[in-house]
Structure formats: structure tokens, C-alpha cells
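Participant: Using UniProt numbering, the first residue of the sequence shown is number 1, and each one after it goes up by one.
All C-beta atoms, glycine included, are put in the ideal place defined by N, C-alpha and C.
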Amino acid sequence: MSVLLSTQISLSSEIRDECSPKASTYSMNDRGTRMAASKPSFHLSASNGWMNDPCGLGYDPLTGLYHMFFQWNPSDNDWGNISWGHATSTDLVSWRVSSTPALTPSTEYDRCGVFTGCLQATDPLGNPGALTAIYTSVRHLPLHYTLPYTLGCESLSLAVSKNGGRTWERPDCNPVLDGPPEHLSVTGWRDPHLTTWPAAQQTNPVGQGQDQDKKPVNGIVAGGVVGRTPAIFVYQVNPKDLQQWTYTGLLVDIGLNFHPSRWSGDFGVNWEVSNLVTLTNDAGDYREFAIMGAEGCLRANKTLWTTPGTAQHKRQPRSQLWMCINRRAEIGHDELLANYQFGGHFDHGCLYAANSFWDPVTSRRVVYGWITEEDLPDEARHRQGWSGVISIPRVVELRTIRGVVKARSSELSSISSVELVPDERSSAGPRTYTIHTLGIKPDPRMTLIRKPAAKVSDTLVHRLPTALRNSSSESLALKSSRWEIKAEFKVNASCDRVGIEIAHQSDHILKTTLCWAPSSETFTIHRPTLKDQTINHGHESAPHTLFSFKNNSHNRNRNRNEIDDRSKHNTQDSKTDICTESQAKDEDTAEVEETLQIHAFYDSSVLEVFVNDRTVISTRIYTHHSHPSLSQSEPQPQPQSQTGSQAFSSEQCHGLRFFAESTVEDECPPAVLLKADVWDGLDETIRFLI
């Protein structure tokens, strides 16, 4: 549960004074006018008001429905009166969103909030035919990692539905767990999640989706230990009696503000909404991963939160991270169950509170996150009438890359977001490595929203691959602000910058730019420059590199065939073939670099960008209905605040431009555009029930 300390909150019950010192002055009257701001069309949101964490994710085999609950304030557009909103789907893409909350603060133990939790597709005794929600029941506010922790403020409780999630009842056994372990002083303790982690029982892992009934069940709760470490508290849970939770120990102890490098981020001082998962690759290798929201990331000496112009400079100091762990052979007096191995950012932008579930239909681990609204000032957010959306579904996997020789600029050993395993030497030439990391990509079912869309890139296909130079570019027109793009670039050694421009007006002055800089190994989203300086329009950035492989490796052969196939259709620039072929003169020693792959979804004000299925940035793109039309030569205007009833939304996107830049005159172009598929006018998949 993402707890906001400074935000005013309100409760409509008799406990308002204790749970909310000051009520918000925002009113939900005239909802139609307030909802005039353009809402995203295929990102799940509440019908109105404030929303944050996705929770209670799961699949009901009896009805064939997926369930998603979310933290919701149905009566206000600020954080407070936290209830569970509810939506159902048959495919994780099209959602039916209820207009009334499923669970509200209504008992003594949850009178201040029904915070984040998980869903079990059984009754509390493990019998099929029911759904059980396990949630954080809150009876005291405020809660924050910077404040002294009040014992008894958080507990774990159950709610049961016997009619497919339409109505819920709380059993008399609540709360089933009164609070954190008594011998630990904590900064937080919330957001229960059930998982099957055999490592906690010292047994060998069983593949996901196999012999589920034989798997041990563990419960994890996120938080921190005062002055020591952010924490995941691990429990053994009896699946035949969800009242029985037995404390096992802490997952890891990494210390406060652990920061291996820019590739891994700052792990903060308190964790929220944490998941523990086992992921495998095609070869059957497995790794254990924890995914967590980290609070208390240091502002000092951390460029993200101190450098003006960056998006994080104006945001709360928190991050959405992951780490790979390995089980300790023995559990000592320190109660630690595992050791940290390597880690990274799950999302480098405004996504937080990522939550997951195992999908038995596809045998994949699916993750959703909360895409925040914190880049808007409160006045604009209140006029909008709603706050926050849920990301598109993401699939996570153990990503294994074999035959790696080097990264574009960094030493492989310095990239702390990967596991580096030396390969056995079988021939002369450079040492090669196998790399393991967390793979993150859109759920394949997102292709369903393409059905009504026009594939506008068809006009470009006959010109691919095409060279991109300083004086040239390729462009495509757009007619909507709901589109998807999959682009692939071959980035040559001379390239300084390569990427995609999104034009928000016909002259391309107001634009969003997605670009990769090879020398700094940084992927950046430059958002539109606005008059209103109260809106955070700083740029988003993420470390990202491209790996090179030996020419005769499997990865090289696959990449080589793709280039050969595309070259047959190239009629635009003979230098394209010269540059790709020149890399393969010596089949024994030549190396080839992987291509830059950009997969992005644009939905009104929401932009999610996936780079090579391992680097992700989510952000918000806000533009005014009236905006500054300034050339680069004109001076920047004085900051002005928009007033009145003007809405803040994304204008229609006018087009896409593919570009590459270089300061070096070279026979080869800076980059070659190999692929560009664009679907314009994606389906509107969110339906609000009355």
C-alpha cells in the first residue's frame, strides 16, 4: 500500500477525526464536467476519484474471470478512505469496472483503511468454490516510514466471497495476524502476498504451474526494520487454514539505502507491495526474484532526485525495483533466509506498487503497476476528477542472453543488473559470457487491442531497411492518441543518438522524444516543454546498453538472418548493405551487436516504453489545449499557471519520426531502421458499470 503522509485525506464515517485530521475541500459534484479531461482508453482506471495500488489479482477457474482490485477513494480525488475497487476480465485486456467498492473501511480493525493485499481462489480452508481476499486492515493513521510505528495500527484480515466476487463477508476470526514480529522494531508492515517459494522450506523448486497442490505456501509482508534494513517478512501459511501464519524470518538484510550502481538503483529504507517469484528460461534454468516498491531513496548524491530537469526531481523519493536472491544453506540467529545477488529497476518512470499473480491459463507470471498522477499539481488533478491508472499487463521471465562478448561502453562486470556467467572456452577468440537478468515485456494478449486499429506503417514497409542520417528521417502520420509501435534499429559505431519523435502538433515543435545515447548508455524520454511550470515535464531516463555476441553464436545467426531478409527489400541506400556485410568478414572473430528494439504504447496521457524487453519506462504526457508554439530560437516564456476550467490532457498525436544523429562523417549511416510496425486507433477496452 502506497501511504501518502502529506496528502489530505477524508473519511465519510464517524471515525473521520481520528483517521483523517483534515478533510479535503475537493468535491465530486458535477462529475460529468470534471470527467471531461481525456481519460486513457485501454488502461484500467476507477470510474472517478483517487486510485493507487493494484491488489487482489487472480483468476477464478469456476467463472473463467480474472479479478483485479485496486486501492480506491470513491468519494474524493485525494488519498484517503481507502477501499478496494473491483474489475473483472476474460482476457486481462478488456475490463468491466464496478462503480461501487468491493470492500470499505467498516470494522474496528480496518476503520482507517482496507489496504493492499492478495487473492486466493479458495475459501479460507482451501476448498474451491469461493474467493478469499487477504488484506492489510488499518486502524490508526498516519502511517509513514519516517514516523514512529504505532503497534496495532496494521493487521492482516480476510474477506470471503461465495458468489464470484459480487459480495464479500469478513469472518469472525479477523484479524488473523495482529502485527509484525514482536522482537522487531519496524518502519512498516503491510501488503500481504501469498507465494510458493520452496527455498523457505529447504526443498528443490518445482516448476510454476506443476503440482501446485504439493507446493508449500508462504506469505510475505513488506516493510522495514528501524535503523537496519528494508524488509520482506516471510511466513509459512497453512493453505488449508489461512488463519495460520508462522513467522520464518527476513528474506534479506541489505542495509539502508543499498545502492550497487546506477544500473540497480537505491533500495531505500522501507519496502511496500513486495512479491517473491520463481522464474525459469527455456533451458529450465531458474532464479528467485523479489519485486518491491522502495521508499526513502536518498536525495543526497543521487542525480535522479537532485538534478533539475529530471522527472524524479519533483517526485517522491521512491523506486520500483527488483532483486535476484539465492537461498541460504542454513538459517542462523539472524533469521535471514536468502542473500542478494543482483538487481535493477522494474520501471524507471512513474510506475509504483507493482503486484503480480501466476496465470494458470498462460502459465506466466503477470505484473500490473500503479501509474501515478503526481506530475500534475493538485489544482489540475482535482479539475480532472480522477487520479491514477493501472499499467498494461506485463509478463516477467528469466531473460538469458548467451555468447556475450561485451557491452556497448561499460565493462560487463560493472553492470550490476545482470548475472555474468563465464562460458567454457571452445575456440580461440574473446571470452564469452552467459547473462541472466529479469525480462519484462507486454503480455502477448495486448495484441487484442489492435483489432480496430489501422496499421499505418504499411506505407513504410517497402523502404525498409533504410539508413537514418543527420539530414534524413522517416516519418508516419497518426490520427489518434491511442497507438502502439514496435521499431528496431541497427545502431552503428558513429551514432550519437537514435530514436523516435512523437509530434503533438503538425509542425513538430511540441513533441515527445524517445532516444538512446550509445556513449552514455542511456535511454531518455524527453517530454513536451509546457508553459505551466507547475506541471512536472522533466525527462525520464534509464541506463541501457546493447550487448555484442560472437559472430558464430546462436544470437548472431538469428540477427544475421533477419538483416539478410530485410536487405532484400532495401532500395533506398546501398550503404545499408555495405555496413551490415562489413561486420562479417572474419567469421571466427567478428562480433555483432544486438539491435535496439523499442516497443511502446501510447494512451491519451499514458506512455509505456519497453526497450529490448529488459528496460521499461512509464510516464505521463500532459499537453494543454493551448500550448506555446515556440521555435528553438525564440526565448522561453515566463512560467504561467493555467487557470479556469481548462482540462489537462493529451492532444491528438500528429505523427512519428525516426531519426539518428552523428557528429562523425562516416561511410555508414549512424543507424539503420530495420522494422517499424505502428497500429493507430487501438481499441477502447475499459467499461464502467452503472
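Count Cβ pairs between the segment 243-260 and the segment 372-381 that sit closer than 8 Å; are there 3 or more?
Facilitator: Contact fails: fewer than three Cβ-Cβ distances are below 8 Å.
Participant: For E593, count the other beta carbons within 10 Å of its own beta carbon; 16 or more makes it buried, fewer makes it exposed. Which is it?
Facilitator: E593 comes out buried.
Participant: State yes or no: is the C-beta of P393 within less than 8 Å of the C-beta of V421?
Facilitator: Cβ atoms of P393 and V421: not closer than 8 Å.
Participant: How far does the alpha helix (DSSP H) with R497 in it reach, from first residue to last?
Facilitator: That residue, R497, is in no alpha helix (DSSP H); its beta strand (DSSP E) goes R497 to A503.
Participant: From the DSSP output, in three-state form, read off D378 for me.
Facilitator: DSSP places D378 in helix when its eight states are reduced to three.
Participant: Leaving out the 5 sequence neighbours to the left and right, which residues in its chain are closer than 8 Å to S548 when beta-carbon positions are compared?
Facilitator: Here the set comprises V404, V405, K406, A407, R408, E591, V592, E593 and E594.
Participant: Considering only the beta carbon of each residue, do C495 and P360 sit closer than 8 Å?
Facilitator: No, Cβ-Cβ distance for C495 and P360 is not below 8 Å.
Participant: What residue from P444, K479, R497 and L460 has the CA that sits closest to N470's CA?
Facilitator: Taking only the C-alpha atoms, the option nearest N470 is R497.
Participant: List the endpoints of the continuous beta strand (DSSP E) containing A600.
Facilitator: First-last of the beta strand (DSSP E) with A600: L596 to D603.
Participant: What's the gap between the Cα of D178 and the Cα of F342?
Facilitator: Spanning the two alpha carbons is a distance of roughly 33 Å.
Participant: If V273 sits next to A222, beta carbons under 8 Å apart, how far is it from one beta carbon to the other, in whole angstroms?
Facilitator: That pair is a contact at about 6 Å.
Participant: Alpha carbon to alpha carbon, what distance is there between L65 and R450?
Facilitator: Roughly 22 Å between the two C-alpha positions.
Participant: By Cβ distance, which residues of its chain are closer than 7 Å to L460, with the 5 residues on each side in sequence left out?
Facilitator: Only E474, L476 and A676 meet the Cβ criterion.
Participant: Looking at the structure shown, is L337 part of a helix, part of a strand, or coil, going by DSSP?
Facilitator: In this structure, L337 counts as coil in the three-state DSSP scheme.
Participant: Please state the DSSP three-state secondary structure of P360.
Facilitator: Note: P360 maps to coil in three-state DSSP.
Participant: Less than 8 Å between the beta carbons of A487 and F658, yes or no?
Facilitator: Yes, they are a contact pair.
Participant: Taking Cβ positions, are G113 and P105 nearer each other than 8 Å?
Facilitator: Their beta carbons are under 8 Å apart, which means G113 touches P105 by this criterion.
Participant: For T310, which three-state DSSP category applies?
Facilitator: T310 falls in the strand class under three-state DSSP.
Participant: Please list, in chain order, all residues of the same chain as N270 whose beta carbon is under 7 Å from its beta carbon, the five residues on each side excluded.
Facilitator: Answer for N270: Y145, T187, G188, G223, G224, P230, E295 and G296, listed in chain order.
Participant: At the level of alpha carbons, what is the spacing between V237 and A600?
Facilitator: Near 39 Å, if we compare the C-alpha coordinates of A600 and V237.
Participant: Looking at the strands, I want to know which residues DSSP matches up with W679.
Facilitator: DSSP lists K455 and E484 as partners of W679.
Participant: Within a Cβ cutoff of 8 Å, which residues of the same chain sit near Q638, ignoring the five residues on either side of it in sequence?
Facilitator: Since pLDDT at Q638 reaches only 34, below the 50 mark, its modelled position is unreliable, and the value read off the structure follows with that caveat. Cβ neighbours of Q638 beyond the five flanking positions: none.
Participant: Go ahead and pull the three-state DSSP assignment for I535.
Facilitator: DSSP places I535 in coil when its eight states are reduced to three.
Participant: Indicate whether L158 and P180 have their beta-carbon atoms separated by less than 8 Å.
Facilitator: No.
Participant: Between L279 and E419, is the Cβ-Cβ spacing less than 8 Å?
Facilitator: Against a cut-off of 8 Å, the Cβ pair of E419 and L279 comes out as no contact.
Participant: For A503, I'd like the list of residues in its chain whose CB is within less than 6 Å of its CB, leaving aside the five on either flank, ordered along the chain.
Facilitator: Answer for A503: K511, H654 and G655, listed in chain order.
Participant: Assign S274 to one of three DSSP states: helix, strand, or coil.
Facilitator: Correct three-state label for S274: strand.
Participant: Relative to the C-alpha of P465, which candidate in L673, P142 and A133 has its C-alpha closest?
Facilitator: If we check each option's Cα against that of P465, L673 comes out closest.
Participant: Is S413 near S261, with beta carbons less than 8 Å apart?
Facilitator: No, these two residues do not count as a Cβ contact at 8 Å.
Participant: Reducing DSSP to helix, strand and coil, say where L177 ends up.
Facilitator: Here L177 sits in strand by DSSP.
Participant: Bridge partners for W50 per DSSP, in chain order?
Facilitator: DSSP lists N73 and S387 as partners of W50.
Participant: For G369 versus P175, is the C-beta spacing smaller than 8 Å?
Facilitator: Not in contact: G369 and P175 (Cβ atoms no closer than 8 Å).
Participant: Pull up the DSSP beta-bridge partners for T619, would you.
Facilitator: Paired residues: L607.
Participant: Identify, in the order they occur along the chain, each residue of the same chain with its Cβ nearer than 7 Å to the Cβ of L682, setting aside the five sequence neighbours on each side.
Facilitator: Hits under 7 Å: F42, I449, R450, A453, R482, W483 and E484.
Participant: Count the other CB atoms within 10 Å of the CB of K455; is the residue buried (16 or more) or exposed (fewer)?
Facilitator: Classification for K455: exposed.
Participant: Mapping DSSP to helix, strand and coil, what is M446?
Facilitator: Three-state result, M446: helix.
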